[in-house]
Ligand SMILES: Cc1ncc(C[n+]2csc(CCOP(=O)(O)OP(=O)(O)O)c2C)c(N)n1
Ligand SMILES: Cc1ncc(C[n+]2csc(CCOP(=O)(O)OP(=O)(O)O)c2C)c(N)n1
Ligand SMILES: [Mg+2]
Ligand SMILES: [Mg+2]
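Residue numbers (our numbering), protein chains in the order written: chain A, 1 to 340; chain B, 341 to 680; chain C, 681 to 1007; chain D, 1008 to 1334.
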């Protein structure tokens, strides 16, 4: 469920194992769509760098987020990184990351679509595809020792499945039977040549399930089962969330919006339209939600835009806990030059 | 078949698709065993560095070598690197590599067990486990373009199957349907925890077969089929050669001889004794082969030991086709200091 | 001669190489059908076919390992790594395999491959679309390292790199892919590896630079000239092999040396250059050799313009060596 | 105080850390049941259990990536890479992940891990059991780099590294794992990161070294002393953060500097050191700063003793700076 108050998690309202209410799904999907469209506009207007759209994957994120608890770690790739909004990340925080503003909890360190929100256990998003798949094995081992019933959830695309890190990550995850759920968003066509992630999971003795990635409630049910499995110590699961062809992210992903190629079939499979159709929501109610979320998004963007960039004085920080003598010397030099 | 004349290849005598004659198998296995024992003695005597034994895998190498043609590339790990002897590498060349003598075709550049013999298409053996599994995809692509019916054969152990390079290598090999056969020597116990290489091959849509790695003739038949498949453009194969527990290479592989832990069961599964039992060779004939090979090995070692080390003047060569100015400068400095 | 930008010049070199030599192949993530995220391979697949120009899965170790195998067999692979920041999953195949193949085989096998990869900051790319890792490859013996600063050199150096019998890392300054324009001959030609160029002659101070930073140095040199300081700007072009003679000759003439690079200062190639210059020309030095570089942090996103060695910082560096007085 | 060799001292540091802090775990290839190929983790699994000390599959990227995840969660992983030569399949997880996690998260996540790995030549190991890749990690910002030269430092530095809130590369000089012996306190103690030690005081020339090479420098210094040249030998101990003050102070005193390392010369850490020294002490220099290092080739097998900076080569280097006259 969408929320603009940090700290509240979307998944906590409904019980995790009960079906995802249609309004929750709809709100989540609509929120992500609005945020995505807004970010796209901001990027085109030159207000921010390259935008990594999540268009087409909103239902997947809605289902995944709703199946997680506050203590679970989310370890997405850039394309899935707006999932933080479904765990209660405020819109001003989110847009501050996209726009490089002072309310970004990661201090403007990364390009758009690479948030870190530790307070919500949204792990630091990296660009190198696949790296979090191994790290999750380590997070999972730590969670297993901590015995707090936490689960780490990774999210990635078909590219991630091709990486070396995929196999090492699946291998370590399965070998140590850690509480991890790996979610891969793949379009039907991504799998035409070679086995998809679920088939590849077998190479590692890793439990795998498949689900329609454009159906938030199906995703939620599948995820809830996988999370329960992980929590109860039965080990990791790979969830292959598949999408029909028009939702395919082209190889040149990150450069084009999903589905742009074929607007006709797109509208049939668009998770937003599908959710609205299937939700049983009255048109007026749905429109009201749309309006409410639109104004929240507008407010969030405006608030973020009004903020300053993180201060230049941060230039030498966060490399180490304390600045090394070399960093101190460079900082002094930099300060001296600024004075001139 | 063993040979002490460089350039003659073991596999060419019998037709590749006919069964491997028992005497050929026996000669090959005995030769490798003698070489292995000799190298072990030399290492213990301080005449050479660490010896990587192939003990236990001789039948595998015999079967693989006999199924290859002169134009096929062999890309083994260190443990399988004495396979060159079965393609016609001379004993003096082989021991020159082990002992760092001038007849080593790779000029003493590498530690024992890391030969390169381009004239026999024995590719340069690297220590980093698994790296040749990817390179084979490139060699295979080149072979496919060359259309000479060549095949690249990789060999590795269970450790190689755990590497990231394994998966990337299998993936690329399968994707491009290149003429490559990947052979993995795994002991039963290596597979207890996670799927073995053949099961992992499925993740990449790679054709896989299993064979008793201690049975030279079974290996030969399996390999002959895989090679034929590759040659005829039907694509790559993974051959899982399994070994019973006593032939297992311990995790601390390279440090202990195979089978040392349990001499009783060892004698039952020892590929050499097994081959001698099953070969139908008269004891006197087998003994004659043993004596002949022993004297060839003794001659080879003596000849290698009599050779000088590669000249120190090679210190700055083989980095690039031509020495860079930096290398020239360092060489001049080194020469000047030697004069003092 | 037609005018080309860097991308066009690189593309032209690839096209000539593909046409002239059957052994040349071009591959990487999105280089085939799509033509590369920066369009450097645009149209090449259509022209030369899917066997010569092709896409690979997302696995840099696979891309480079495949190239090593091809090169060992006798081909001339020219793989692309989409951004230099993503070269590290393939680092082992570069460092332990490509760089050592000739050596470890005693010259029996060689590894004539060229890894093309865009590097450097200034495009709002943040940590992972901005790094300048050239020093890492320079320290690994057995690799040549080339960084062009203009279209004409880019074409000639890439042609020479493909013809070279050893592995070459070819770093392309993406910040100036389109901004740097110049006359480039239509036909194929080589700019030999290992030769620096005097990008601007001068007498007071030598500036050593390569790639995109060269243009910032040129800007600074123009401004300094107006203020009466004459800079000699040396475009290294090839970092391995290094043209020590040209460098040392220039510093002996000027007596002062400023080194500029985008990569972080510590253990960057500037350190090696400073060490080399003082080895050869200590008694000619009127001031310490100064480095104007990226700072010792990961590459920043919001603050990248503070981080990069700007013309202003380069000018300040030159001014400080000009005003240096021995203690 | 008991006498220990390097292995025993390292083992002792690990034992204390495991006992004192539940968050510490030790893992890698063959470190658990077998106790490590050099026995550094011998007995630790039996003492602390398979949850604290364990084996991993043969996948360095997996080992380091796992450590990154653990460290981010709040543990204190101490993974081992069996030989530094095999660290490269894990390079991406070190360079792009461990080194950048604090930075890219704006300090929200940290990465307190220690990667222990034996480095260096002189054990007849050839290309792949001999490399000294420290410079590569020094150039990657966000990593600390430590190289002890004796058992007492090894224990204290490893203890400090495990306590450090940031990622540390801990390079162990395997050539002297057993040969270097000395008194080492039984109890736990720290030798702080970032402080060099004067291994031998002297007045004519400063020698900078670390790890196994320090012992060759000591031998050379002994011989030179007999011949009337007084060497000040600085054991850097920590390469990042670097103790510039101690270095510069020594060179200002002696006026001469020789840098010794096993790694190849070009773009090795010696380049950075020379650049730094001349930045701070140019006018104190009576001779160019000289580097005595491995040559610019992969690490040789048969010829390794020609390759390594021997006491004879170090002595020759010192003699050449002592006899230098300005042009
Ligand atoms: C290791 C690595 N190599 C290359 C890239 C450049 N790159 C960014 S996104 C992308 C495609 C990713 O595909 P996929 O994982 O399927 O995600 P999608 O964008 O399709 O959702 C590539 C190659 C990268 N980020 N990381
Ligand atoms: C990338 C890499 N990591 C670590 C090592 C060190 N090492 C040498 S042999 C070996 C075990 C190899 O096991 P396996 O592949 O099963 O071969 P075996 O020795 O068992 O035949 C290890 C870890 C290495 N050579 N390469
Ligand atoms: Mg995709
Ligand atoms: Mg094994």
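Backbone N, C-alpha and C fix where the C-beta goes; we use that ideal spot for every residue, glycine too.
Counterpart residues of residue i in DSSP-defined beta bridges
i, result
"residue 1188 of chain D", "D/1012"
"residue 1205 of chain D", "D/1241"
"residue 324 of chain B", "What is shown of chain B runs 341 to 680, which leaves residue 324 of chain B out entirely."
Span of the alpha helix (DSSP H) around residue i
i, result
"residue 140 of chain A", "131-146"
"residue 787 of chain C", "Looking at the DSSP string, residue 787 of chain C is not in any alpha helix (DSSP H), and its letter there is neither H nor E."
"residue 1257 of chain D", "1251-1261"
"residue 540 of chain B", "537-541"
"residue 1339 of chain D", "Any property of residue 1339 of chain D remains undetermined from this structure, which presents chain D solely from 1008 to 1334."
"residue 448 of chain B", "It is not in any alpha helix (DSSP H) - residue 448 of chain B carries neither H nor E in the DSSP assignment."
"residue 368 of chain B", "362-384"
"residue 278 of chain A", "271-279"
"residue 987 of chain C", "984-987"
Listed by chain order, chain C residues near residue i by CB distance under 9 Å
i, result
"residue 430 of chain B", "Ordered by position in chain C, no residue passes the 9 Å Cβ test against residue 430 of chain B, which lies about 16 Å from the chain."
Minimum C-alpha distance to residue i - residue among the options
i, options, result
"residue 1317 of chain D", "D/1302, D/1055, D/1235 and D/1328", "D/1302"
"residue 1182 of chain D", "D/1136, D/1292, D/1062 and D/1253", "D/1136"
"residue 303 of chain A", "A/101, A/74 and A/133", "A/101"
"residue 331 of chain A", "C/837, C/774, C/986 and C/871", "C/986"
"residue 423 of chain B", "B/445, B/620 and B/465", "B/465"
"residue 969 of chain C", "C/931, C/811 and C/924", "C/931"
"residue 1209 of chain D", "D/1239, D/1180 and D/1201", "D/1239"
"residue 1044 of chain D", "D/1288, D/1089 and D/1254", "D/1089"
"residue 163 of chain A", "C/967, C/736 and C/804", "C/736"
"residue 679 of chain B", "D/1138, D/1215 and D/1319", "D/1319"
"residue 1009 of chain D", "D/1131, D/1194 and D/1289", "D/1194"
"residue 918 of chain C", "C/943, C/937, C/888 and C/944", "C/888"
"residue 1247 of chain D", "D/1106, D/1293 and D/1069", "D/1106"
Partner residues on chain D for residue i, Cβ-Cβ distance less than 8 Å
i, result
"residue 109 of chain A", "1110, 1111, 1112 and 1113"
"residue 885 of chain C", "Neighbours of residue 885 of chain C on chain D: none; closest Cβ ~15 Å, over 8 Å."
Residue range of the unbroken beta strand (DSSP E) whose run includes residue i
i, result
"residue 674 of chain B", "That residue, residue 674 of chain B, is in no beta strand (DSSP E); its alpha helix (DSSP H) goes 665-679."
"residue 75 of chain A", "73-76"
"residue 759 of chain C", "756-760"
"residue 1298 of chain D", "1297-1301"
"residue 897 of chain C", "Here residue 897 of chain C belongs to no beta strand (DSSP E); instead the alpha helix (DSSP H) covers 893-906."
Where residue i meets chain A, residues with beta-carbon distance less than 7 Å
i, result
"residue 946 of chain C", "326"
"residue 1148 of chain D", "319"
Where residue i meets chain B, residues with beta-carbon distance less than 9 Å
i, result
"residue 1134 of chain D", "449, 450, 451, 454, 466 and 467"
"residue 204 of chain A", "534, 535, 540 and 543"
Partner residues on chain B for residue i, Cβ-Cβ distance less than 8 Å
i, result
"residue 174 of chain A", "534"
Chain C residues whose Cβ lies nearer than 8 Å to that of residue i
i, result
"residue 100 of chain A", "981 and 982"
Could you please tell me which residues of the region 157-169 of chain A, in chain order, have their CB closer than 9 Å to any CB of chain B? 162, 163, 164, 165, 166, 167 and 168
Taking beta-carbon pairs under 8 Å, can you tell me which members of the region 1293-1326 of chain D lie near chain B? 1302, 1303, 1304, 1305, 1307, 1308, 1309, 1310, 1313, 1314, 1319, 1320 and 1323
Beta carbons nearer than 7 Å to chain D: which residues of the region 911-938 of chain C have them? none
Residues in the region 467-489 of chain B having any Cβ partner in chain D nearer than 8 Å: 467, 468, 469 and 470
Taking a cut of 8 Å between CB atoms, which residues from the region 1080-1099 of chain D lie near chain C? 1092, 1095, 1096, 1098 and 1099
Residues from the region 375-405 of chain B in contact with chain D, defined by Cβ distance under 7 Å: 389
What are the residues of the region 1062-1081 of chain D that lie near chain B, defined by any Cβ-Cβ distance shorter than 7 Å? 1062, 1064, 1065, 1066 and 1068
Can you pull out the residues from the region 311-323 of chain A whose beta carbon lies closer than 7 Å to at least one beta carbon of chain D? 318, 319, 320 and 321
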